[in-house]
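Novice: The structure that follows is given in the form of structure tokens.
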Amino acid sequence: MRLKLYHIKLMEKLKESLEAVLPIIGIVLFLSFTIAPIPTGILMAFLIGAILLVVGMMFFTLGAEIAMTPMGERIGTKIAESGKLPFIVFLCFTLGFVITVSEPDLQVLAEQVPSIPNNVLIFSVAAGVGFFLVVAVLRMLFGIALYKLLFLFYPLVFLLAFFVPADSLAVAFDSGGVTTGPMTVPFIMALGVGFSAVRSDKYAETDSFGLVALCSIGPVLAVLLLGIVYRPDGGTYAGLSIPNVEDSMELSRLFASELPHYIKEMLLSLLPIVVFFLVFQMFSLHLKKRTLLKMSVGIMYTYIGLVLFLTGANVGFLPAGNYLGQVLAGLDQSYVLVPIAMVIGYFIVKAEPAVYVLMEQVEELTSGAISGKSMGLSLSCGVAVSLGLAMIRVMTGISIFWFLIPGYAVALLLAFRAPKIFTAIAFDSGGVASGPMTATFLLPLAQGACETIGGNVVTDAFGVVAMVAMTPLITIQILGTIYQHQEKKRLAKEEVPVLPLEAYGDMDIIEL
């Protein structure tokens, strides 16, 4: 019976994965057969990568549902129930630090900042995430409004940004989205639900969101501070190496050679969370064997899913994205890069593994009042706009400041108008939307275009992740404002007017 249930759920997740990835396959194939020819080897690697993406998403989303979310909720509840503030602070900082150090995308970030030693950058970013996870948890426990902290820390971020060299600026803002990856986001979000469960006030549901939002600020501040301390001394962008695959044997060897790397990487990434959970199981949770077995299956699904997903994204999608950017930017009408990137951005966010986790959690916690469909549409529109703006940056060399400062100013001002739960969800969604698909397809697309145009890749192409993380903050809060307005109109229509007694006739009074 249990195997049959897992089979049904896997088929549901497979359908979701296909719906997410097929539009991207269709767009790339259409472009490759019309205006942007792609070598057969790169195209075949892309198609195999797409298959791995679909299967990987299927296993990951089911694994997150069965294991990662329940683990995070139980640990969060237990930590909060302890009531010992020093204990809560220590555990949350340790958890944030450890899971960030093991985040695979952080290694990629470290390689892009040549002026800062890798270990210094990694441990500084991890400390930033750990500190802000503590801040996020204390905010929930003491009922502090999220927008107050956002108004405190974001001005600090932009103040520091004025003192940072241009070569470090875009990478610093990219780091906020990169370090909240597919492994950490479901667990951190569930942790928030667990912490809020110990509260019984009316704002507990709203406050369960916001952990990812605050944890995304830590890496940005860390890299900005390091950019001030470590001045760049000539580190340059080396460029991406696109493999030249001539036959099917070379193609199979390409994937086979990279697969062990991601098997090891995901093992190291998942291990700290599992160890943390097992320690809690021994000393506090004491879950039944049946529950532990179910979670073990979920952890295995999560692991298999992420290995397949990241292999497909890095080996298949990354070269295709970079080459596509080069070809499109080299066309006589290179401006077509902007609308094409917007269409790709609209669909590709649906292939981010953590997006489904966020949408399901939002639907569950709001009892369907905020639908996953409307959330998905808002995210897609936001990412489409961000890709259009990012490609304009690539083509013109405009500083990222001219986009981020107005964008975050609008997002923070909307926090006064939008319902509080939409503000928290919006700032969470920024970190969720800027996941591995952004790093392995959208960023290479911008890098390839920038190289062809002859721009500065470090200052003009980097920043795509930051743009993708920014625009959902605006679109989802706009969605919340519209939702609030419609709800007020609905309630106004349902209200029965109360008239004075003299307004009724004799027969009306008898009926009353």
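The sequence shown finishes on residue 563 if you use my numbering, and the numbering steps up by one all the way, no holes. For each residue, glycine too, the CB sits at the ideal point set by N, CA and C.
Would DSSP call residue 170 helix, strand or coil?
Specialist: Taking the sequence shown and counting its residues from 1, one reaches residue 170 at position 119. Three-state result, residue 170: helix.
Novice: With a threshold of 6 Å on Cβ separation, who are the neighbours of residue 472 within its own chain once the five nearest residues in sequence on each side are excluded?
Specialist: As a first step, residue 472 is located in the sequence shown; it is residue number 421 there, counting from the start. Excluding positions up to five away in sequence, the list reads 257.
Novice: Between which residues of its own chain and residue 181 is the CB-CB distance below 6 Å, once the five residues before and five after are set aside?
Specialist: Locating residue 181 in the sequence shown gives position 130, where the first residue counts as 1. The residues are 144, 147, 148.
Novice: With respect to the alpha helix (DSSP H) encompassing residue 386, which residues constitute its N-terminal and C-terminal limits?
Specialist: Within the sequence shown, numbered from 1, the residue matching residue 386 stands at position 335. No alpha helix (DSSP H) holds residue 386; DSSP gives it neither H nor E.
Novice: I'd like to know whether the C-beta atoms of residue 352 and residue 65 end up nearer to each other than 8 Å.
Specialist: For the purposes of this step, residue 352 is taken as the residue at position 301 of the sequence shown. For the purposes of this step, residue 65 is taken as the residue at position 14 of the sequence shown. No, the Cβ-Cβ distance between residue 352 and residue 65 is not below 8 Å.
Novice: Apart from the five residues on each side of it in sequence, which residues of its chain come closer than 7 Å, Cβ to Cβ, to residue 427?
Specialist: Position 376 of the sequence shown, counted from the first residue, corresponds to residue 427. Excluding positions up to five away in sequence, the list reads 401, 410.
Novice: Would you identify the three-state DSSP class for residue 58, choosing helix, strand or coil?
Specialist: Translated into positions along the sequence shown, residue 58 becomes position 7. Of the three classes helix, strand and coil, the one that applies to residue 58 here is helix, per DSSP.
Novice: Comparing alpha-carbon positions, which option in 200, 92, 336 lies nearest residue 132?
Specialist: To locate residue 132, count along the sequence shown from 1; it is residue 81. For residue 132, the nearest C-alpha among the options comes from 336.
Novice: Excluding sequence positions up to five away, which residues of its chain have a Cβ less than 7 Å from the Cβ of residue 154?
Specialist: For the purposes of this step, residue 154 is taken as the residue at position 103 of the sequence shown. So the qualifying residues of the chain are 230, 232, 234, 235, 320.
Novice: Which class does residue 468 belong to by DSSP, given the choice of helix, strand or coil?
Specialist: Walking along the sequence shown from the start, residue 468 turns up at place 417. Residue 468 falls in the coil class under three-state DSSP.
Novice: Comparing C-alpha positions only, which one of 189, 515, 267, 157 sits nearest to residue 174?
Specialist: Working through the sequence shown from its first residue, we reach residue 174 at position 123. Here the closest residue by C-alpha is 157.
Novice: When you compare only the Cα positions, how much space is there between residue 260 and residue 84?
Specialist: Reading the sequence shown from its first residue, position 209 is the one you call residue 260. Reading the sequence shown from its first residue, position 33 is the one you call residue 84. Taking the straight line joining both Cα atoms gives about 44 Å.
Novice: Does DSSP put residue 298 in a helix, in a strand, or in coil?
Specialist: Within the sequence shown, the letter at position 247 stands for residue 298. Reduced to three states, the DSSP call for residue 298 is coil.
Novice: By DSSP, does residue 154 sit in helix, in strand, or in coil?
Specialist: Taking the first residue of the sequence shown as position 1, residue 154 is located at position 103. Three-state result, residue 154: coil.
Novice: Heavy atom of the ligand NAP less than 7 Å from the Cβ of residue 206, yes or no?
Specialist: Among the components modelled here there is no ligand, and therefore nothing to report on the ligand NAP.
Novice: What separation, rounded to the nearest whole angstrom, lies between the Cα atoms of residue 217 and residue 403?
Specialist: One-based indexing of the sequence shown puts residue 217 at position 166. One-based indexing of the sequence shown puts residue 403 at position 352. Near 29 Å, if we compare the C-alpha coordinates of residue 403 and residue 217.
Novice: Can you find the residues in the same chain that come closer than 8 Å, C-beta to C-beta, to residue 63, ignoring five residues on each side of it along the sequence?
Specialist: Stepping through the sequence shown from its first residue, residue 63 is reached at position 12. There are no such residues.
Novice: For the segment 183-246, list the beta strand (DSSP E) runs that are entirely contained and at least 3 residues long, ordered along the chain.
Specialist: List check, beta strand (DSSP E) in window: nothing returned.
Novice: Can you give, in chain order, each stretch of the alpha helix (DSSP H) that sits fully within the segment 331-390 and has at least 4 residues?
Specialist: Qualifying alpha helix (DSSP H) stretches, in chain order: 340-362, 369-380.
Novice: On a Cα-Cα basis, can you pick out the residue from 392, 470, 305, 532 that is closest to residue 97?
Specialist: Here residue 97 refers to the residue found at position 46 of the sequence shown. The residue with the shortest Cα to Cα distance from residue 97 is 305.
Novice: List in chain order: all unbroken alpha helix (DSSP H) runs of 4+ residues lying wholly within the segment 433-511.
Specialist: Within the segment 433-511, the complete alpha helix (DSSP H) runs of at least 4 residues are 452-465, 471-484, 494-504.
Novice: Just verifying my parser: in three-state terms, what is the DSSP assignment at residue 514?
Specialist: Along the sequence shown, one-based indexing puts residue 514 at 463. Coil, per DSSP.
Novice: Measuring CB to CB, does residue 274 end up less than 8 Å from residue 223?
Specialist: In the sequence shown, counting from the first residue as 1, residue 274 sits at position 223. In the sequence shown, counting from the first residue as 1, residue 223 sits at position 172. For residue 274 and residue 223, yes; Cβs fall inside 8 Å.
Novice: If you draw a straight line from the C-alpha of residue 206 to the C-alpha of residue 172, how long is it?
Specialist: The count along the sequence shown starts at 1 and reaches residue 206 at position 155. The count along the sequence shown starts at 1 and reaches residue 172 at position 121. So the alpha carbons of these two residues sit roughly 23 Å apart.
Novice: When you compare the segment 435-444 with the segment 371-391, are there three or more beta-carbon pairs, one atom per stretch, that lie closer than 8 Å?
Specialist: Yes: at least three Cβ pairs fall under 8 Å.
Novice: Leaving out five residues on either side along the sequence, give the residues of the same chain with a beta carbon under 6 Å from the beta carbon of residue 369.
Specialist: Here residue 369 is taken as the residue at index 318 of the sequence shown, counted from 1. Closer than 6 Å at the Cβ level, and outside the excluded window around residue 369, lie 491, 495.
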